[in-house]
Structure formats: structure tokens, C-alpha cells
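J.:
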Amino acid sequence: MKKLFYFLTLVIVFMSSCGEPKIAVDQILIADKIYICNEQFDVTEAIAITDGKIVDFGTAKEIKSKYAGKIEEVDGTIYPGFIDAHSHFYGYSLTLHKVNLINVSSLDELIDRTIAFAKTSNEAWITGRGWDQTTWEEKGTLTNNLLNAYFPNTPVFLKRVDGHAGLANAKALELAGISVNTNVAGGTIEIQNGRLTGILTDNAMNLIDNIVPAPSRSSEIKALLMGQQACFNAGLTTVTDAGLDLGTILLIDSLQKTGDLTIRVYAMANPTDENFEYFKKNGPIANDKLQVSSFKLYADGSLGSRGAKLKQPYCDHADHSGVWVTEPNELVKLYQQVYDIHFQANTHCIGDSANKRVLEIYGNFLKGKNDKRWRIEHAQVVSPEDRTLFSKYSIIPSVQPTHATSDMRWADKRLCNTRMNGAYAYKSLLKLNGWMPLGTDFPVEDISPLKTFFAAVYRQDTKNQPMGGFQMEEALSPKEALLGMTLWAARGNTMEQKIGSLEKGKLADFVILAEDIYPEKYMLKTKVTGTYLEGVKK
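The opening residue of the sequence shown carries number 31 in the numbering used here; numbering runs sequentially from there.
This is the structure in C-alpha cells:
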């Protein structure tokens, strides 16, 4: 009997030592640090992945003892795939085939780049984007005189970096039927000494945009695939496209279904009759690759081109306070359509007047706290007394930190010091709801999410200026900035059940960086060493 007792004891001990059988998974990734970016902000060492989804996370010891699969030890730091909460993916992709005017330092350089591009182009029109006259040493009124001299017979239209102003040559103006007597609601046509300067802003630009030949389908596809690769190279796994027509939305959908386009897209629909009719009939598009459940609307223009609608006149243009790109009474009608089909309303608001008026109109629809996730895109200048409207009606401020570090050179000239305490106030806006999505607005700003993080936390440009940072009381913490590019961006896009963190059950979208950006101020030097969708490197 004693022998039997000892035998059974040994069996029990042996079985206990064996433990539970390991669970089979496709892969186990181990790194010094893995930022999960969940609400608890867990930082760990290992994740297990099966069928493109996160199975579990924990220490390397915990995961290896529980799961069996291919183990890969990663040299670098792992983060959830970065999400750009406000960009223009389609427009950016098309600019890769146009005159690149980013960082031109003068009108002469703008002309030189345009001439060089024209030598390689067979297009009937020359178009481009990216100039920013606020960075030029030369001051004064920008005119099309040089464009007219070099391109007397070819129409040329070159947009400012923010897309809210453009420079057209005489041929383009002629083809569009624009004269000194032309007036456009919600836009301006600049005239000097009785002559057109070629500068158009906001809705006036549509007169030319509407006659520029549309790109061919093959050109669109080629551009989108190039844009996708640029996003992957930057560590982006999901992009937000702030304003698309139906044809472009359906093109993206078709390319995703064939597997040609794999990047995830949250697309805001333009407020066209065609879009409203389609989505009223068919409802939102919501799958793992594409989310279309919002409309993009425009209240005003940009601060750089003085189109942002301010409560008081511009300090450097005393008789001008900006423009309503869409009049408030028209916005109300559009919001009613958005509300009726249960979509998000995402409105471009830059100036303090535009922000206040749209927040008030939103409140009339939303009534109080809610989960409709209506958004204010940019929220660039908001009077402190108006900020409470965000929390009162659960309105999301969607901001772009690199706008602050780009505009800081001249913003006070537009606004005066008296209004700067309401400008680029990201910390104050974050406190209102406790979360806030971050983006770049590319191609207005650089595509890199690392620059978003740097600008949000250190409030400096890429040259580490200004010393000590710009309005540092409005800086975000590293944790807040990282969540703004991951979980909070996904939440703003109503996609947080699928992406935004490396939690159990979510898609295994992640990025590997050579260094950990969280504690390192000079992280702009780090490299993206891998971008993965559903565990597959892109």
C-alpha cells in the first residue's frame, strides 16, 4: 500500500511539473520594450500573434512559457502602427507627380523648380504645391509676372503648402474666365493696381480646379501605391483622408479588395450631393481596411493665407477678419443631413470665430454628452472662454502639432499677443475630454509621425528652435503624444475596436523603431526599421 502511495505521489508531482500544454501561435516577438498603448499604458517585452491578430502580451518569460511558435527577437522598440488622424493621402499621392514646391526659399526657386518640372512633363497643365511665402526673405505682394514670362501659353497653377491659396498664371486665369470683375463667395481673387496678381484663396481656387484635367485612372492608381509606400516608410499603418469624392472612395475600396492597397484608410466624405445620396442609401463602409462614416466640412480658410475667420481683424491686415468658406446657415443644413444618417461631422475650423460658431451649432444638434464623436479639425485658435463647449458636447479636437512649430514664426503677427493664449493650445484642449487624436495634415506638413511626436512634446522645429520650446505650457507629455498617434487616433476614427493598441484581439499592426522615442529628445534621428500590418512586413 505504501508503494502505491509513493507511486501516485510521484505521478502527481511529475504531472504538475509538466504544466499545461503550450498554445500554438504563428509568431512571438520579443523586444527590450513594447508599448501596448492601452488605457493602462502597459510597456512589456513580448507579444504573441496568430492569424494577424494579437493573442497576448507580457514579459518574455510569461509569453514563452504559455505559447509555442516562431520566436523573433527584435532589435529595436515596438509600438502600435502609427495612425495619422488628419491627412490628405490621396492629394499627397497625386503631388508626387506634380511640381514639388516644399521648402522653396524664394520666388526664383519656385520658378526654377517649375521650369525643371516642365521639361519632363507632357501634361497640358503644370500644377504643383508646397510654397510658403512666410519663410522667404523677400517680402511684398506675390504676383504671377515671372510665371507669365516663362509660361505664356501653358496654364500653370501652384498651390500654397496649406492648399488654401494658389498662384495662377495669366493663361490659367484666362481659361478659367477669371477677371477683375469676378467675385466668389467664400474666397478671394487678389487685385493690385487694377490687375490680377494671380493669387486666389479658398473657394476662388475652385474656378481653376474645376477645369484642370482629371488624372487618368492608371495615374491615380500609380500615385496611390507610391503614396502608400511613403506612408509605410514613415511608420504609418492607417491614414485619415480628410475629404474625398465618391469616385475616389470607391477606387480606394476596390484597390483594397484586390489587395493592391493594403494601408488602412479612414476617409471623410466631401459634402457633395452624390456622397450624401450614396451613403444615405448604402450606409457607412466599415471593414478592416476602410472606414467611411464621416463627412468633412469647411468653416473657414487658413491662418497663413488670412482666410481663417477671426472675431477681430488680423493684426497685419486691419480691414480683414477672414472668410466663411461655408456660411454658418449652410453648415446647419449640411449638419442636419450628417446627423440624419448617423455619420460624424468633422469640420475644418482655424479661426476663433469659426471655432466658436461651429461649436455652438454642434451643440444644437448634440444637446449634451454623447458618443457621436463629432470633430473639430485643427481647432487652431480657440478663445479660452469657448473651450468648455468641447467637453459640454463631447466634441473631439483633432489637432496637428507640427502646425504650431511651422506657424510660430509669424502667428503673433496675424493674431497679436492678445490672442496667442488661445492658439495651438493642445494641453488645454486635451484636458477637456481627456483624450485627443493627433495628425500631420500632410502634405501641408511633413508626413513623419516622429515629427508629430517631437512637436507635441518639445514644441520645437527640426532645428531644435526655439530654445526652451514654443508656449511650453501647452506641450503634451510623451505618453499623451504617443496615445494621440495610436489609441486616441483610432478612437477619433471609430476604429479603436480593431487598431490603435497591441491588445488581445486587435489587428497586429505595429512599427519597429531603432531607438525608443519615449525618453529621447533627439529621437528625430531614429529610423523606422519595419512597418507591419497584421504581422506582415510592408
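Idealized CB from N, CA, C, for every residue including glycine.
Note that the structure is predicted; figures quoted are calculated from it, not measured.
With DSSP run on the structure shown, which of helix, strand or coil describes T435?
T.: helix
J.: Here's the rule: buried if 16 or more other CB atoms are within 10 angstroms of the residue's CB, otherwise exposed. What is N174?
T.: buried
J.: Using a threshold of 8 Å, state whether the C-beta atoms of A485 and T435 are closer than that.
T.: At a Cβ-Cβ threshold of 8 Å, A485 and T435 count as neighbours.
J.: Can you tell me whether P185 is buried or exposed? The criterion is at least 16 other CB atoms within 10 Å of its CB, across all chains shown.
T.: buried
J.: Quick one: residues in its chain with C-beta nearer than 6 Å to the C-beta of I79, no 5 flanking neighbours on either side, listed in chain order?
T.: Cβ within range, chain order: D56, Q57, A538, G565.
J.: Quick check on W166: does DSSP put it in helix, strand or coil?
T.: coil
J.: Report the three-state DSSP secondary structure of D416 (helix, strand or coil).
T.: helix
J.: Kindly give me the distance between the Cβ atoms of S458 and R417, rounded to whole angstroms, as I take these residues to be in contact under 8 Å.
T.: 6 Å
J.: How far does the alpha helix (DSSP H) with G574 in it extend, from its first residue to its last?
T.: Since the displayed the chain opens at 31 and closes at 568, residue 574 lies outside it and no answer follows.
J.: Looking at the structure shown, is W518 part of a helix, part of a strand, or coil, going by DSSP?
T.: W518 sits in a helix when the DSSP states are folded into three classes.
J.: Which of helix, strand or coil does DSSP assign to L460?
T.: In this structure, L460 counts as helix in the three-state DSSP scheme.
J.: Enumerate, from N- to C-terminal direction, the unbroken alpha helix (DSSP H) stretches of 4 or more residues contained entirely within the region 270-350.
T.: 276-287, 303-312
J.: Any chance the region 88-97 sits against the region 113-127, with 3 or more Cβ pairs inside 8 Å?
T.: no
J.: Under the three-state reduction of DSSP, which class applies to Y369: helix, strand or coil?
T.: helix
J.: Give a single yes or no on whether N523 has its beta carbon closer than 7 Å to a heavy atom of the ligand NAD.
T.: This structure lacks the ligand NAD, and indeed carries no ligand of any kind.
J.: Could you tell me whether the region 373-384 touches the region 324-333, using the rule of 3 or more Cβ pairs below 8 Å?
T.: yes
J.: Across the region 282-298 and the region 249-259, are there enough close Cβ pairs to call them in contact, namely three or more that are closer than 8 Å?
T.: yes
J.: Tell me which residue opens and which closes the beta strand (DSSP E) that N376 is part of.
T.: 374-379
J.: Please report how far the alpha carbon of I42 lies from the alpha carbon of S424, in whole angstroms.
T.: The predicted position of I42 is uncertain, since its pLDDT is 46 and thus under 50; a value taken from the coordinates is nonetheless stated next. Going from the Cα of I42 to the Cα of S424 covers about 58 Å.
J.: Quick one: using the 10 Å Cβ neighbour count with 16 as the cut-off for buried, is K21 buried or exposed?
T.: No answer is possible for residue 21: the residues shown for the chain start at 31 and end at 568.
J.: How far does the alpha helix (DSSP H) with S120 in it extend, from its first residue to its last?
T.: A small fix is needed here, since residue 120 is Tyr in this sequence, not Ser. From DSSP, the alpha helix (DSSP H) with Y120 extends over 119-125.
J.: Name the DSSP bridge partner or partners of G158?
T.: Looking at the DSSP assignment, G158 forms a beta bridge with V129, L188.
J.: Going by the beta-carbon positions, is the gap between P358 and D349 smaller than 8 Å?
T.: no
J.: Helix, strand or coil: how does DSSP classify S531 here?
T.: coil
J.: Going by DSSP in three states, P508 sits in which element: helix, strand or coil?
T.: helix
J.: Spatial neighbours of K567 within its chain, please: CB distance less than 6 Å, with the 5 preceding and 5 following residues excluded, ordered by chain position.
T.: G560
J.: For a test of the three-state rule: what should DSSP assign to D442, helix, strand or coil?
T.: D442 falls in the helix class under three-state DSSP.
J.: Is it buried or exposed for I53, if we count other Cβ within 10 angstroms and need 16 for buried?
T.: Answer is exposed; the Cβ neighbour count stays below 16.
J.: State yes or no: is the C-beta of A154 within less than 8 Å of the C-beta of I108?
T.: no
J.: With DSSP as the reference, label T80 as helix, strand or coil.
T.: strand
J.: Tell me the rounded alpha-carbon separation between A202 and I84.
T.: For A202 and I84, the distance between alpha carbons rounds to 53 Å.
J.: Excluding sequence positions up to five away, which residues of its chain have a Cβ less than 6 Å from the Cβ of I101?
T.: If we look at I101 and ignore the five residues flanking it on each side, its Cβ neighbours are I58.
J.: Smallest Cα separation from E92: which of V104, G82, T74, D105?
T.: For the residues V104, G82, T74, D105, the minimum Cα distance to E92 belongs to T74.
J.: Run the CB neighbour count on S209, radius 10 Å, all protein chains shown included, and call it buried at 16 or more, exposed below.
T.: Exposed, by the Cβ-count rule.
J.: Please determine, among R294, K189, N152, the residue with the shortest C-alpha to C-alpha distance to N233.
T.: K189
J.: Between the Cα of Q501 and those of M466, A297, Y456, G530, spot the shortest distance and give me the residue it belongs to.
T.: Nearest neighbour of Q501 by Cα position, chosen from M466, A297, Y456, G530, turns out to be Y456.
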